[in-house]
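Reviewing the structure listed below.
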Amino acid sequence: MTSVAGSSVSKLVVACDAGMGSSVMLASQMRKRLKKYDVAVEHVAVNAIPADAQVVLCHTGLADRARGIAPQAVVLPFQVFMGDPAFDRVEAAIRDGGTLDG
Amino acid sequence: MTAVADAKHLEGEGFRARIQRMGGYLAGMIMPNIAAFIAWGLITALFIPTGWIPNENLAKLVDPMILVLLPVLIGYTGGRLVHGQRGAVVGAVATMGVVVGTEIPMFLGAMLIGPLAAYLLKLIDGAIQDRVKAGFEMLIDNFTAGILGVLAALAGLLAIGPIVEALTDAAGNGVDFLVDTGFLPLVSILVEPAKVLFLNNAINFGVLSPLGVAEATENGTSILFMVETNPGPGLGILLAYLFFGPKLLRLSAPGAIVIHFLGGIHEIYFPYVLMKPKLILAAIAGGAAGVGTAVVTGAGLVSTPSPGSIFAYVAVTPRGGFIPVILSILVATAVSFGVASLLLGFGRSEKGEEDPPVGEDALPVQASSATPSTTTPTHSDVPAGAPAMRNTVLEA
């Protein structure tokens, strides 16, 4: 179990299988939402999640792999690509300084 | 229901993650090079004798691109995945060994020898790294990689190439057999469940596309490009949700349809299936109907449509091949929509309780709840239809 304080998050990594499709779409959405909090948003392939990633957002179907590749990171799984509560949770934690548990 | 049972079974343990990871590497060698595939596909569609504007001179690009450029790019990318830029270079050199002297596009050979050569270089680099005298690093680095490249290219030409060529031939014959006997639609029974488990790229780019390209160089088109990429089954399911889905999910369906069908990001519909796993039957039926239609009408594409958007489809449809291709998509959509609507009970069960058990229905409510509960620790972490997964998370 990893966790991170929302206030210390400076970068959000969005991962998908290839790092070219759904993660790009979601990253651009999250980028818009998190812009005003000065949080960078990146998209990558699950296999290429950087070792220093703090918070990783990926579909539940890929969460096992994400955790295996980035054990230090807070991996936040989501289920639907639009309007998943996990997205709101990330934004809320960053805005209000709550804790994110992965 | 066996397919569903199998799909659930796959979700247990790290098995799925392992298959995904393996598939991720295969797809990871091809997907960064899709632009090159598209360039080749467009050149082919335009300039070959049966193309839109036949031109013998410009058509000279076709063979070298598919036989040399694309495999070398794949070997290069495969090498890079394993051992960075140095790995990429020996991967490309090694791939030259398998592409010369062959008449088929050596995708499988490239996917094998590129990473392999890079892996050997990685071992060598690791072994000698601490023994190199100061000032000799560049000399040693260049020559170890260069000499390894020679050996790998020779091994590719003499050993790996012929073996892969035989394997590709055998696989191609197997596909021909499936097409000729009309069994090809049955592959949807495997493909569609695997797809929603996020093995979509692995299946298409790891297996179907390499075989499809081999077929396309012979016949001009291949039906294999249409097996996994057909947007019809997903579209049918999303349409069924739009009309008959739980009320809260209906709202998200139109956006998902645009992203799926026009944008070609199929991942968008996977959660809609995972929420109600029985809908996989709709995907299978739609997929099989689409492939069946393609078999009967002789549909095929010149290259792999990536992403699986209707626009990409149109771009790689051969001249005169529009009707069969569009028909395959329409039939797949209609069948998938029909089956999915039936499975959703035509919206009948909507009042309050649809199948009550397990997490199946917990999800749609959470997913679209307007007020995110930031404090509830239980929500959204357990995937619907995969209750076992939570327990199998890799503990670091």
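Quick mapping for you: the protein sequence lines, in order, are chains Z and C. Add 14 to the 1-based position in the first sequence for my numbering, that's all there is to it. Add 745 to the 1-based position in the second sequence for my numbering, that's all there is to it. We treat Cβ as the ideally placed atom computed from N, Cα and C, and that holds for glycine.
Where residue i sits in the DSSP three-state scheme
i: S967 (chain C); result: strand
i: L1089 (chain C); result: coil
i: A1030 (chain C); result: helix
i: V1059 (chain C); result: helix
i: S36 (chain Z); result: helix
i: E848 (chain C); result: coil
i: F888 (chain C); result: helix
i: F1052 (chain C); result: In the sequence as displayed, the identity of residue 1052 (chain C) is Pro instead of Phe. Residue state, collapsed to three classes: coil.
i: A29 (chain Z); result: strand
i: D875 (chain C); result: coil
i: D925 (chain C); result: helix
i: S17 (chain Z); result: strand
i: V1070 (chain C); result: helix
i: I996 (chain C); result: Ile is not the amino acid found at residue 996 (chain C); the sequence shown has Leu there. Coil, per DSSP.
i: D119 (chain Z); result: Past the edges of chain Z, shown from 15 to 116, lies residue 119 (chain Z), and the structure says nothing about it.
i: D870 (chain C); result: helix
i: A1044 (chain C); result: coil
i: D914 (chain C); result: helix
Neighbour-count burial assignment, residue i, 16 or more Cβ in a 10 Å radius
i: G757 (chain C); result: Only weak support exists for where G757 (chain C) lies, its pLDDT of 44 falling under 50; the value from the coordinates is given anyway. So G757 (chain C) ends up on the exposed side.
i: T113 (chain Z); result: exposed
i: Q765 (chain C); result: buried
i: T1147 (chain C); result: Outside the shown range of chain C (746 to 1141) lies residue 1147 (chain C), about which nothing can therefore be said.
i: F989 (chain C); result: buried
i: T1062 (chain C); result: buried
i: G82 (chain Z); result: buried
i: Y51 (chain Z); result: exposed
i: N949 (chain C); result: buried
i: D78 (chain Z); result: buried
i: N946 (chain C); result: buried
i: G1065 (chain C); result: exposed
i: L884 (chain C); result: exposed
i: S967 (chain C); result: buried
i: A1141 (chain C); result: Low confidence applies to A1141 (chain C): its pLDDT is 29, below 50, so where it sits in the model is not reliable, and the reading given next is rough at best. A1141 (chain C) is exposed by the Cβ-count criterion.
i: A913 (chain C); result: A small fix is needed here, since residue 913 (chain C) is Thr in this sequence, not Ala. Flag for T913 (chain C) reads buried.
i: K940 (chain C); result: buried
Any chain C beta carbon closer than 8 Å to residue i
i: A67 (chain Z); result: no
i: D52 (chain Z); result: no
i: R79 (chain Z); result: yes
i: A19 (chain Z); result: no
i: M34 (chain Z); result: yes
i: Q93 (chain Z); result: yes
i: L48 (chain Z); result: no
i: A10 (chain Z); result: The structure shown does not extend to residue 10 (chain Z), since chain Z is modelled only from 15 through 116, so no value can be given for it.
i: G111 (chain Z); result: no
i: M39 (chain Z); result: yes
i: L76 (chain Z); result: yes
i: S96 (chain Z); result: A small fix is needed here, since residue 96 (chain Z) is Met in this sequence, not Ser. Yes, its Cβ sits closer than 8 Å to a Cβ of chain C.
Same chain, Cβ closer than 6 Å to residue i, five either side skipped, listed in chain order
i: L76 (chain Z); result: V60
i: A54 (chain Z); result: K25
i: L90 (chain Z); result: L71, A100 and G116
i: A916 (chain C); result: L956
i: A41 (chain Z); result: V28, V55 and H57
i: V827 (chain C); result: P860, A863 and Y864
i: G1078 (chain C); result: Inspection of the sequence shows that residue 1078 (chain C) is occupied by Thr rather than by Gly. Taken in chain order, the residues that qualify are G977, L980 and G981.
Beta carbon proximity, residue i to chain Z, threshold 8 Å
i: Y770 (chain C); result: yes
i: L1089 (chain C); result: no
i: I819 (chain C); result: no
i: L984 (chain C); result: no
i: R825 (chain C); result: no
i: A1001 (chain C); result: yes
i: S997 (chain C); result: yes
i: N802 (chain C); result: no
i: F1142 (chain C); result: Since the first residue of chain C shown is 746 and the last is 1141, residue 1142 (chain C) is not available in this structure.
i: G759 (chain C); result: yes
i: R766 (chain C); result: yes
i: P1016 (chain C); result: yes
Residues near residue i in its chain [Cβ-Cβ closer than 7 Å; skip 5 each side]
i: P850 (chain C); result: I811, L812, L815, P816, V958, A959 and T962
i: F845 (chain C); result: Correcting the residue identity first, residue 845 (chain C) is Val in this sequence and not Phe. Only L902 meet the Cβ criterion.
i: G820 (chain C); result: G836, A837, A839, T840, A855, I858 and G859
i: A19 (chain Z); result: G111 and T113
i: G773 (chain C); result: L826
i: A62 (chain Z); result: G33
Proximity test, residue i beta-carbon vs the ligand ZN heavy atom, cut-off 7 Å
i: A100 (chain Z); result: Among the components of this structure there are no ligands whatsoever, and the ligand ZN is therefore not found.
Residues near residue i in its chain [Cβ-Cβ closer than 8 Å; skip 5 each side]
i: S1073 (chain C); result: M971, N975, G977, G1035, V1036, T1038, A1039, T1042 and A1044
i: L987 (chain C); result: R995, A998, P999 and I1002
i: V36 (chain Z); result: One point to set straight first is that residue 36 (chain Z) is Ser, not Val, in the sequence displayed. Result list for S36 (chain Z): C30, H73 and F95, in chain order.
i: R825 (chain C); result: G832, A833, G836 and A863
i: P1052 (chain C); result: G1008, G1009, I1010 and H1011
Sequence ranges, alpha helix (DSSP H) only - wholly within the stretch 774-822 of chain C, length at least 4: 779-792
Contained beta strand (DSSP E) runs [length at least 3] in the stretch 56-103 of chain Z, N- to C-terminal order: 69-73 and 88-92
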